[in-house]
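In this note's numbering, the protein residues as written are 5 to 746.
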């Protein structure tokens, strides 16, 4: 019996290659309309034929001796072509079919234009990246004793799949049979993985999920601070029907041996996965998950739960459980949801628990009535060394109903938090029990003509409200009005103004009113230049005991200027003035921002500065660049902290630098405060025609999971590959202090 590790490593490499064969095979993608490659728009849609001989046999037309036939943008050639015009069905002997981007040939080829399918025997097909929506980076070649392309899947018998265009390919997958179902799976039988014409792996069955480029189905060899030296591999075992078992085996010198798998199941009524993973050794990590979705009657049941014990990636020395379930019923008039969730955490002598039961219902009728009801019971508790620190149990109820009428809309809102049992830590929310609001506007009240000329919105409300700090609820009556209008002063000058007024009276003998107004003046000059002045004033008078009525004060102006200087150069400047600060003797001028930018094609450069009017210094200076030299893309940025007089940050990112067969990408992020590189990342890729070797090196001095990691991959070029360049270990962007998203 072979050793366990070697087959897993080799099969992982094979699995990755096969995992994405759906994208290289001539099959129908889920978002395409047919399985045939697109026709050539430069060719005739009508039937055109050149042939040495022509005859009619029954309902079929037969052409022989050097046949060249053009139909619906396709060119078909062969020794003999037999056509059934009613069925739009063609049989080609020793021929080929050429579309806009692809070629299929064989000893015997059939094309059915009505069903948009074709079959071939003893032939080949070339599939370009356009066929796979750009998921492949080069052509993929398929040959078979026989093959068929149907609406739902691609099938091949006694065939070969290879990304190599040489007569004797470097690598090849020889299969007894293969079935590819887009978006689901690739199933192969009697698989031989060949390198240089030699079979190095021979297995009876191989199953590959066809989802995306994650996870990488490649053997991964590397070193990291928390895992030590490691070897990680994946292998998928086909099960009954469309089910499969995705297994994992990880060898880590610092943590031990990680073993586990995900059982993925799928039927017409349900789909889901159950997974476990455990590290045997010093790491002592256990992870489990359940995901399930099922159609039950007119509703859908969803379950999602995961448990982590001593997970070295997210929560060491901690046991965490997160679970939720939901049953949703949808019909023509609304949606009803029943839900339950539970979250718990245990670390040492401290534990916490929260759970929630929820119900919600949303309805809408043709008469303009709409209702939204939600009822949630939320429980939470925390303990330390057996002593209860906090405990809460509450029911939150919220109802919102609205009715559209000819001249107005009526809204009824009810919202309340109710303690359950002997709750020791109950915090009341803002209760509304209830609140009736009537809304309208000048368009509804006086017609669309007046509504467009003088757009004013009105609202009046009456209801009972209670804030957490109040011992008794108060009754509040309010009236609100707000208007907004745009005036064209000239061809280059526009004035937009608005105003608002609200008056509120409460049952505790308090009252307040609010006045707010503002304007925006915009003037264009030159070709691409403009000046904008914005003013806002808001003030409340009186008093209200409700937090919802406290809006504060504002009296400020903002000034923005944009200059188009031509030849790709632009400049902007902005600042603000606070009249309230000026009236109290404080500095009224706000920060001054200045930015100049140049753009030409794919190249961009910008220089910016911020002047701190409070401390009277240039607080920040920045420079960013993004440009290309040949096929190499470069992004560089620097920052200067004027307050501390130090270059605070710098970054350099280079992609696509090539020297012969070696391609290099690297990223450097420098921290001027700590005088060190916070992030370094290098990716070296060596081109070996249809395959490539990839060496990745990362070194993070700060952030989550800091440390050094080295990884090596051997991959097939034509297959999609999830690149981690520019990303941290948890997928976060790293190293970019530039202003262009780098």
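Glycine included, each C-beta is placed from N, C-alpha and C at the ideal position.
Under a 10 Å Cβ-count criterion, residue 653 is classified as buried, with 16 or more other Cβ atoms of the shown protein chains found around its own Cβ.
In the three-state scheme derived from DSSP, where H, G and I count as helix and E and B as strand, residue 456 is classed as helix.
Distance from the Cα of residue 534 is smallest, within the candidate group 199, 495, 178, 608, for 495. Contact annotation: the stretch 324-332 touches the stretch 344-356, with at least three C-beta pairs closer than 8 Å. Fewer than three pairs of CB atoms, one per stretch, sit closer than 8 Å, so the stretch 411-420 makes no contact with the stretch 379-392. Burial check for residue 191: the Cβ neighbour count within 10 Å reaches 16 or more, so the residue is buried. Within the stretch 194-279, the runs of beta strand (DSSP E) at least 3 residues long that lie entirely inside it are, in chain order, 202-213, 224-228, 232-242, 248-256, 260-270. The beta carbon of residue 698 lies closer than 6 Å to those of 689, 717 in the same chain, with the five residues before and after it left out. By the CB criterion at 8 Å, residue 508 and residue 542 fall outside the cutoff.
For residue 603, the enclosing beta strand (DSSP E) begins and ends at 596-604. Residue 281 is bridged by DSSP to 264, 291. If you ignore the 5 residues before and after residue 315, its C-beta comes within less than 7 Å of the C-beta of 289, 291, all in its own chain and listed in chain order.
Of the residues 179, 175, 680, the one whose Cα lies closest to the Cα of residue 151 is 179.
Around residue 449, the same chain offers 411 as residues with beta carbons nearer than 6 Å, after the five sequence neighbours per side are excluded. Residue 58 and residue 200 have their C-alpha atoms spaced approximately 46 Å apart. Runs of the beta strand (DSSP E) lying entirely within the stretch 657-693 and spanning at least 3 residues, in chain order: 666-675, 680-692.
Scanning 611, 168, 357 for the CA closest to the CA of residue 388 turns up 357. Nearest to residue 696 by C-alpha distance, out of 55, 720, 553, is 720.
When Cβ pairs closer than 8 Å are counted between the two stretches, the stretch 328-342 is seen to touch the stretch 305-312, the count reaching three or more. Burial state of residue 594 is buried, judged by a 10 Å Cβ sphere holding 16 or more other Cβ atoms. Nearest Cα to residue 512 within the set 481, 491, 499, 506: 481. The beta-bridge partner set that DSSP reports for residue 717 consists of 698. Distances from the alpha-carbon of residue 82 to those of 492, 54, 171 put 54 closest.
Under the criterion of beta carbons closer than 8 Å, residue 516 and residue 546 qualify as touching, at roughly 3 Å. Annotation for residue 82: no alpha helix (DSSP H) segment contains it, though the beta strand (DSSP E) segment containing it runs 78-88. Using a 10 angstroms sphere on the CB of residue 373, the tally of other CB atoms stays under 16, which defines it as exposed. Non-local C-beta neighbours of residue 160 in its own chain, meaning closer than 6 Å and more than five positions away in sequence, comprise 148, 151, 182, ordered along the chain. Residue 521 is bridged by DSSP to 503, 541.
In the three-state reduction of the DSSP assignment, residue 360 falls in the strand class, which pools E and B. Here the alpha carbon of residue 532 sits roughly 60 Å from the alpha carbon of residue 281. Between the C-alpha atoms of residue 588 and residue 597 there is a straight-line separation of about 24 Å. Counting only residues of its own chain and dropping the five nearest sequence neighbours on each side, residue 194 has a CB closer than 6 Å to the CB of 180.
Linking residue 484 to residue 443 through their CA atoms gives a straight-line distance of about 9 Å. With contacts defined as CB atoms closer than 8 Å, residue 705 and residue 681 qualify as a contacting pair.
In this structure, the beta-carbon distance from residue 441 to residue 465 falls below 8 Å. C-alpha of residue 452 to C-alpha of residue 460: approximately 12 Å in a straight line.
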